[in-house]
Amino acid sequence: MPDLTPGVPSALSPLVRRIVASNPGPMTGPGTNTYLVGIDEVAVIDPGPDDVKHIDAIVGGAMRERVRWVLLTHTHPDHSPGTERLVKATGAEVLAHAKVPKKDQPVVTPDRLIDEGSVVEGTEFRLEVLYTPGHAPNHLCFYLDEERVLFTGDTVLDGTTSVISPSRGGDMVKYLASLERLRKLRLSKILPGHGDVIEDPRSRIDEYLAHRAERETQIIAMLEEGPAKISGIVGRLYVDTDDVLLEQAASMVQAHLVKLRSEGRVNGRDQKSAWKLA
Ligand SMILES: [Zn+2]
Numbered sequence: 002m003p004d005l006t007p008g009v010p011s012a013l014s015p016l017v018r019r020i021v022a023s024n025p026g027p028m029t030g031p032g033t034n035t036y037l038v039g040i041d042e043v044a045v046i047d048p049g050p051d052d053v054k055h056i057d058a059i060v061g062g063a064m065r066e067r068v069r070w071v072l073l074t075h076t077h078p079d080h081s082p083g084t085e086r087l088v089k090a091t092g093a094e095v096l097a098h099a100k101v102p103k104k105d106q107p108v109v110t111p112d113r114l115i116d117e118g119s120v121v122e123g124t125e126f127r128l129e130v131l132y133t134p135g136h137a138p139n140h141l142c143f144y145l146d147e148e149r150v151l152f153t154g155d156t157v158l159d160g161t162t163s164v165i166s167p168s169r170g171g172d173m174v175k176y177l178a179s180l181e182r183l184r185k186l187r188l189s190k191i192l193p194g195h196g197d198v199i200e201d202p203r204s205r206i207d208e209y210l211a212h213r214a215e216r217e218t219q220i221i222a223m224l225e226e227g228p229a230k231i232s233g234i235v236g237r238l239y240v241d242t243d244d245v246l247l248e249q250a251a252s253m254v255q256a257h258l259v260k261l262r263s264e265g266r267v268n269g270r271d272q273k274s275a276w277k278l279a
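Below is the structure:
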């Protein structure tokens, strides 16, 4: 199995290397995955947190002058703050989506805005940009043509589910649409923002969709018993969940409720108010 030890580059394919940042935790798994695509010319996907050792490992792994582009899947604090340090070391061009949420830590201003249909071409590779909002309003996935591999950032993960937090621009309707769309691609592998390589892309995406559908059914079943606050729903739905993850669980429940409200199926306002069936 390829190494998930932070700082140790591991070759995942002829064109792709991975270096895990040393920010392991309940939300980040073994740490944020930074991917290096290409050999002569290198695109770095997600430099991760601003961590000298991690950026040194990236530069060491790719060789300073070869890093031509820094691509951001989104601007959450575990994915993008290392950008500035990496750009200083390499002079690489920063490519990201235009819509940076106010709450996200500032990163260097992108040199080039990319969106659905944009293409990044290196000597040995071609990366296509897919706009996949839901986890974050500026979330992008990158498709590596030569290997039919998809870099999914936080849209599909290994070992955990993606957090959809309405207070940070998360949107369940858009997220499910993004998953449905990714599901239709002919992929050989998914290289997620956290965790190991996903060898069975279609069935993993199906699991994600089934899990969300199940949660929605459970939430509706609880509201059929009467109005409930989000904290009450979380308490019954996430029984064995670690305390540190309960805030994320509340965000997920809220994201489902906001989706159901947009469909005219429930009424409610926020985390503090009671929600009921429409
Ligand atoms: Zn994220």
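In our numbering, the protein residues as written are 2 to 279.
All C-beta atoms, glycine included, are put in the ideal place defined by N, C-alpha and C.
Through-space distance from residue j to residue i, alpha-carbon basis
i, j, result
"H55", "E226", "50 Å"
"P138", "A12", "31 Å"
"K100", "L180", "20 Å"
"Q219", "L114", "40 Å"
"S263", "K230", "18 Å"
"E125", "G26", "35 Å"
"S204", "V157", "12 Å"
"L96", "D112", "6 Å"
"D244", "V109", "34 Å"
"G224", "W276", "What sits at residue 224 in the sequence shown is Leu, not Gly. Going from the Cα of L224 to the Cα of W276 covers about 8 Å."
"G135", "H77", "13 Å"
"L177", "L246", "22 Å"
"V68", "T161", "30 Å"
"L183", "L210", "11 Å"
"E148", "A250", "35 Å"
"I221", "N268", "12 Å"
"K103", "V71", "21 Å"
"S163", "D155", "6 Å"
"E208", "E200", "14 Å"
"Y239", "A93", "43 Å"
Close Cβ partners of residue i (< 8 Å) along its chain, the five nearest in sequence each way excluded
i, result
"V150", "S14, V17, Y144, L188, S189, K190, I191 and L192"
"D51", "P82, G83, E85 and R86"
"E66", "T91"
"G265", "A279"
"V198", "P3, L13, D159, K190, I191 and L192"
When the options are compared against residue i, the one with the closest alpha-carbon
i, options, result
"L5", "G170, L247 and T35", "T35"
"T133", "E147, D172 and E122", "D172"
"H98", "T91, S119 and K89", "S119"
"R169", "A256, L131 and V198", "A256"
"P228", "S23, A279 and G62", "A279"
"G61", "H75, A90 and L72", "A90"
"K273", "G233, M28 and L238", "G233"
"R127", "E42, D79, V240 and D207", "E42"
"E215", "V254, P202, E248 and K185", "V254"
"D105", "H140, H212 and E94", "H140"
"P202", "E217, E248, L186 and E94", "L186"
Close beta carbons around residue i, own chain, < 6 Å, minus the five adjacent residues each side
i, result
"V166", "It is Ser, not Val, that sits at residue 166 in the sequence shown. Here the set comprises S252."
"K260", "M173 and V174"
"D47", "T35, T74 and H80"
Expected contact under 8 Å - CB spacing of residue i and residue j to nearest Å
i, j, result
"A289", "P10", "Residue 289 lies beyond the residue range present for the chain, which begins at 2 and ends at 279; the question has no answer from this structure."
"E129", "D116", "Not a contact, Cβ separation roughly 11 Å."
"T153", "G194", "7 Å"
"T33", "C142", "About 16 Å separates the two Cβ atoms, so there is no contact after all."
"G30", "G236", "Incorrect: roughly 25 Å between the Cβ atoms, too far for contact."
"A8", "I20", "The identity of residue 8 in the sequence shown is Gly, whereas the question assumes Ala. Between I20 and G8 the Cβ distance is about 7 Å, and since that is below 8 Å, they are a contact."
Residues near residue i by beta carbon distance below 7 Å, same chain, minus five either side
i, result
"E122", "none"
"D79", "N24, T29, T33, G49 and P50"
"I206", "V157, L180, L183 and R184"
| query | Quick one: complete beta strand (DSSP E) runs, 3+ long, within the region 76–107? | reply | 94–97
| message | Which complete beta strand (DSSP E) runs does the region 125–187 hold, if anything under 3 residues is left out? | response | 127–132, 141–145 and 150–154
| task | Mind listing, in chain order, the continuous alpha helix (DSSP H) runs of no fewer than 4 residues lying wholly within the region 231–273? | result | 231–238 and 247–263
| said: Residues around ligand 2, please: the condition is that the C-beta lies closer than 5 Å to some non-hydrogen atom of it. | reply: You won't find ligand 2 in this model; what it holds is ligand 1.
| Which whole runs of the alpha helix (DSSP H) in the region 25–65 are 4 residues long or more, in chain order? | 53–63
| request: Write down every uninterrupted run of the alpha helix (DSSP H) in the region 186–235 whose length is 4 residues or greater and which is fully enclosed by it, in chain order. | output: 202–225
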